[in-house]
Amino acid sequence: MDDDELLRDLLEFKLRSRGYEVELAEDGEAALAAASAAPPDLIVLDGMMPGLDGFQVLQRLSDSGETREVPVIMLTARRQEQDVVAGLSLGAHDYLVKPFLPDELVLRIQRILNSRKRPS
């Protein structure tokens, strides 16, 4: 989820073209509602959004029994050490700073999802 429509569209295209199902949210409240209604396999979360910022959303996701186990990748322009530490301390599985390489994000998503697969 990202508040930048062009970036959301790019990420949606990249992920769908690799076979992922994608649900988009424009702000923190919409992301929380969607994640609570049907917890996804993974969330990509912008740090700076209107209303609730990504760090507040991450805190609420981590506090909720329904979403606490959902891996989150923070994707944000907030690059200060305290921001990275805060994101990871709040439970983010990964933290990627903008500008970023879209294919790198896809690989990070694949790595996290593959690590969570259980043997049959």
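So for the sequence shown, this note's numbering puts the first residue at 57; every next one is plus one.
C-beta: ideal position from N, C-alpha, C; glycine also.
As the structure is a computational prediction, the values presented were derived from the model and not from experiment.
CB of residue i within 8 angstroms of CB of residue j, strictly
i	j	result
I165	H149	no
L157	Y151	no
L114	V128	yes
L71	V78	yes
G84	R134	no
R74	V141	no
Cβ neighbour criterion (16 or more within 10 Å) applied to residue i
i	result
F97	Here residue 97 is Asp; the residue named in the question, Phe, does not match the sequence. So D97 counts as exposed.
F111	buried
A94	exposed
G146	The sequence shown places Leu at residue 146, not Gly. With 16 or more Cβ atoms within 10 Å of its Cβ, L146 is classed as buried.
Distance cut-off 7 angstroms: residue i Cβ against heavy atoms of the ligand PLP
i	result
S145	In terms of ligand content, the structure shown is empty, and the ligand PLP therefore cannot be addressed.
Whole-number beta carbon distance between residue j and residue i, since they are thought to touch under 8 angstroms
i	j	result
T132	S92	At roughly 22 angstroms, the Cβ-Cβ gap does not stay under 8 angstroms, so T132 and S92 are not in contact.
query = Whole alpha helix (DSSP H) runs in the segment 61-99 with 4 or more residues, listed along the chain?
reply = Qualifying alpha helix (DSSP H) stretches, in chain order: 61-72, 84-93.
message = To test your reading of the DSSP string, which unbroken alpha helix (DSSP H) runs of 4 or more residues are found completely within the segment 101-140?
response = If we require 4 residues or more, the alpha helix (DSSP H) runs fully inside the segment 101-140 come out as 110-119.
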